[in-house]
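Final position of the sequence shown in the numbering used here is 892; the numbers increase by one with none missing.
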Amino acid sequence: MAEYTPMIQQYLKIKAEYKDAFLFFRLGDFYEMFFDDAVKASRELEITLTSREGGSSERIPMCGVPHHSARNYIDQLVQRGYKVAICEQTEDPKASKGVVRREVVQLITPGTVMDGKGLDEKENNFLASVTQFGQDAFGVSFNDLTTGENRVTVITGNKNDVINELYSNGVKEVVISETLDEEMRRSIIEGCHATISFEEETTIDDGFFNIVDHLNHEKLLVTFGRLLNYLQKTQKRSLHHLQSVHHYYAHQFMRIDLYSKRNLELTETIRSKGKKGSLLWLLDQTITAMGGRLLKQWIDRPLISHDEIQQRLNMVETLRSQYFERHELREILKEVYDLERLAGRVAFGNVNARDLMQLRKSLEQIPAVKKVISELGNAYATNLANKIDSLDDLTQLLNSSIKENPPLSIKDGDIIKDGFNETLDLYRDASRNGKTWIANLERQEREKTGIKSLKIGYNKIFGYYIEITRANLIHLPEGTYERKQTLSNAERFVTPELKEKETLILEAEEKIVQLEYEIFVDIREQVKEYIPRLQSLSKIISEVDVLQCFATISEERHYCRPTFSENEIFIKDGRHPVVEKVMNSQEYVPNDCSMRDGRHLLLITGPNMSGKSTYMRQVALTAILAQIGCFVPATEAVLPVFDQVFTRIGAADDLISGQSTFMVEMLEARNAIVHATQKSLILFDEIGRGTSTYDGMALAQAIIEYIHDNLGAKTLFSTHYHELTELEQSLSQLKNIHVSAIEEQGKVVFLHKINEGAADKSYGIHVAELAELPPSLINRAREILEQLEQGDKKPTVIIEKAQNSSPSSVTQVKEEIKEESQLSFFEQTTGNETKEEVLLTKREKQVMQIVKSLNLLDMTPLEAMNKLYEIQKKLK
Ligand code: ADP
């Protein structure tokens, strides 16, 4: 290191502490990056890579971004999951001897960005921490630095429960200990696409006592402590706005696991991972950014408390019926700025006068909000209204101090109103008087000289001057003024009095700018004191906003108020809220859903593409909407309050562990079967499809029986195994329903209508036809089907084989299969086996496997004898 110049040595020393971040090293007007950082940043940011001397024999790679446009580059890096350490000069270069002192003043990371493009105003930006306590207990905490919200919980369960919790909060970054289990670490990265950061310190400073003093358990403190220490170390500034840590329990809310949230497309769609097309997208009629964020939180956590649900529904009903009041409320909310994030920026010292002006304008709306909701005549609304503190004192402060349209910069004056500060008023008087004096002087001199075009001007270099055009110079007696500057068509002059006044004016103006800045900073400090009150206010405003949003959507889309029952589902004319919106309401076919009189299992059959999975989803979404307190897409809805929703729909790719699709299917099924209670809702779409027919059908039937006999959860089970519809005979709580389709001129027409009973046909070939498979192939499939239907219907396995063989061999194989009574029900066929292989018994196959896998060269004769004995035993 000694060979490097002192500045590069300084750089390397600082960089060593921020190995996992880009170090933005301040050099004059630029932030420079060196070595690998420079190479990587030039690629990521598409900026030119240069190099410089650094003392060693080789030139050092370097690239830089101008200080004033750095924000944009920082945003780009952080959005891509990188961290950026901002290293500033912390002493005046003129005053320093040797290398200027530099320090990292902030580490900006994906979970701690305060502003910039990476932030979606309607989404929280969560940083999380995970701490493992023993085998299956994890502490998880969350912080949104922009709003100051904090939450902590302890999860007892497996790692998927933790990933689920992280995922549903959309965390960008997770803080862990170096000692955290490697597998867990990998799951976080893969399952949540989050950046990992490390922090070992967990002790909480006394300064934060007020936000954690109610946490009653060491685990909670340690979990939150890790997060807090990380924040302190990276942000290196006041965290005044951090709110009291909210301790919650997962079972306080309806639980929906990771898979199901994604399958149901609650906040993002499976395909594009975007908001558009999700339930959140459909519902979002919030006006304020705070309301938008709360809506997402509510969708992620539907309620299970009957009273809380009713409270929300009551208010939605009131707002829905009072159109004018709701309309007025929406208009008022349009003027309300993001108070919560603003409070965060106040704490960070990041606000300018324009922000404070907007804060004042927002606060001025609050009395009107309060008035509207207090007059709704609804108990919950009145209660909310009573809790509203419109911060009149702060409004007053801002109103008397900040000018109407202040500039963006807080360093150029023109921010503070007259009458707010006496000294400032004095300086302003001096400056204004001086200016009046100058205006008078101009008039006097024009009269005196008779030159009408004489004018007094100002520029930054020469100050005030008297300007006379060249043509008029003859009217000016020599020696009247002091000559200062000659232009092509004019001369400029000064007088001693003018210079004297100029000094006074300039001094006053300099003082004004300086004093305005000081006053502004002082006001900003005073606003800090209001942060907790601003945060409480924004909570109420965001709640009001979400409730008006529910009312608006419920009215617009003709939703009905759900009612709740102990154990029944009855939905009349239910619709899938998003599909209905996308496809145009007239075309959507509403459907009923009834699970009454002890019936809790619906077995749904019907052709592919007929609407089975849409139907199942619509039931789940209806339940979720009801439990977040919104009206539901139906004309009547009676529902239980569900504790959990489980889904197994479609082929979800597995992000977490790279499992095969069938394995994921089974994991999801297991998850439901292990955790579901009588109060849960289960949606199983085509379970068993991912394996061979017999295997799949056997599993499907066993799962149905298990749910029927042991769980009693409300279950919608769709299947293409018609054989399963026979279960209605033996399982008293199961009912068959089907989606109807009709054939018109040889073509299938889906009616999307749910009816009682089992579907009569599969229509699979019709769907293949719709998908425009070659006509010859379709005809061939019809032929094969006909042959099969004439014989035994069951062994669909033959269809797979039949595609490569002639009809006679199909029949032949079928006959042989009938004879081969030992063919195991669970036996897997891949469709690639030879005829002989299909006919082998399971045991024979196992033996073949064993023989094939023997490594003879590695065996002693005795071992070989033993193996042979074992094989013979198996065959006998
Ligand atoms: P399945 O699960 O039976 O294969 P889907 O539920 O995926 O079928 O539905 C296929 C398509 O049918 C959907 O994309 C939708 O466009 C349409 N559809 C489903 N249900 C309805 C309905 N009730 N009304 C109108 N169209 C529907």
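In this text, a Cβ means the ideal position worked out from N, Cα and C, and glycines have one as well.
Sixteen is the threshold: since fewer than 16 other Cβ atoms of the shown chains lie within 10 Å of the Cβ of Ser72, the residue is exposed. The C-beta distance from Ala650 to Lys588 rounds to 6 Å, short enough to fall under 8 Å. Burial state of Asn505 is exposed, judged by a 10 Å Cβ sphere holding fewer than 16 other Cβ atoms.
Cβ-Cβ distances below 7 Å link Ala692 to Gln660, Phe662, Ile698, Leu727 and Ala729 in the same chain, with the five nearest sequence neighbours on each side left out; the list follows chain order. Rounded to the nearest whole angstrom, the CA to CA distance from Asp300 to Gly479 is 57 Å.
With three or more CB-CB distances shorter than 8 Å, the region 144-156 counts as touching the region 178-198. The alpha-carbon separation between Val228 and Glu217 amounts to approximately 16 Å.
Between the alpha carbons of Leu392 and Pro593 lies a distance of about 28 Å. Residue pairing by DSSP places Ser193 in no beta bridge whatsoever. With 5 Å as the limit, the residues whose C-beta approaches any heavy atom of the ligand ADP more closely are Tyr604, Val605, Asn624, Met625, Ser626, Gly627, Lys628, Ser629, Thr630 and His768, in sequence along the chain.
Between the region 380-392 and the region 521-529 there are fewer than three inter-stretch CB-CB distances shorter than 8 Å, so the stretches are not counted as touching. Excluding five sequence positions before and after Lys517, the CB atoms of its chain that fall closer than 7 Å to its own CB belong to Gly450, Trp453 and Ile454, given in chain order. Membership of Ser610 in the beta strand (DSSP E) is indicated by the continuous run Asn607 to Met611. Straight through space, the alpha carbons of Tyr47 and Arg342 are spaced by roughly 50 Å.
For Cys565, the uninterrupted alpha helix (DSSP H) run begins and ends at Ile547 to Glu572, by DSSP. Contact check for Thr211 and Thr283: beta-carbon distance about 21 Å, past the 8 Å limit, so the pair fails to qualify.
At a cut-off of 3 residues, the continuous stretches assigned as beta strand (DSSP E) that sit fully inside the region 203-233 are 211-214.
In the displayed model, Val94 falls within a helix according to three-state DSSP. Between Gln862 and the set Leu891, Ile539 and Asn176, the nearest pair of CA atoms involves Leu891. Counting other Cβ atoms within 10 Å of its Cβ, Ile758 stays below 16 and is therefore classed as exposed. DSSP lists Phe269 as the bridge partner or partners of Leu319. The DSSP-derived three-state label of Asn176 is helix.
Taking all protein chains shown into account, Gln259 has 16 or more neighbouring C-beta atoms within 10 Å of its C-beta and is therefore buried. With contacts defined as CB atoms closer than 8 Å, Asn415 and Arg376 qualify as a contacting pair. Going by C-alpha positions, Val529 is about 55 Å away from Met200. Taking C-beta separations shorter than 6 Å and ignoring five residues to either side along the sequence, the partners of Val648 in its chain run Tyr575, Pro578, Thr638, Leu641 and Ala642, following chain order.
From the listed residues Leu520, Leu740, Ser321 and Gln460, the smallest Cα separation to Val657 is found for Ser321. The alpha carbon of Glu356 has as its nearest neighbour, out of Tyr604, Ser378, Tyr20 and Pro423, the alpha carbon of Ser378. The straight-line gap separating the alpha-carbon atoms of Ser288 and Gly186 is approximately 16 Å.
Closest by C-alpha distance to Asp323, out of Glu681, Tyr481, Ile644 and Glu742, is Ile644. Between Leu553 and Ile404, the CB-CB gap stays under 8 Å.
By the criterion of a C-beta distance shorter than 8 Å, Val94 is surrounded in its chain by Val100, Ile124, Thr125, Pro126, Val129, Gly132 and Gly134, once the five residues flanking it on both sides are discounted. Contact between the region 681-688 and the region 264-271 is absent: fewer than three C-beta pairs spanning the two stretches fall below 8 Å. Note: Asn166 is bridge-paired with Asn159 in the DSSP secondary-structure output.
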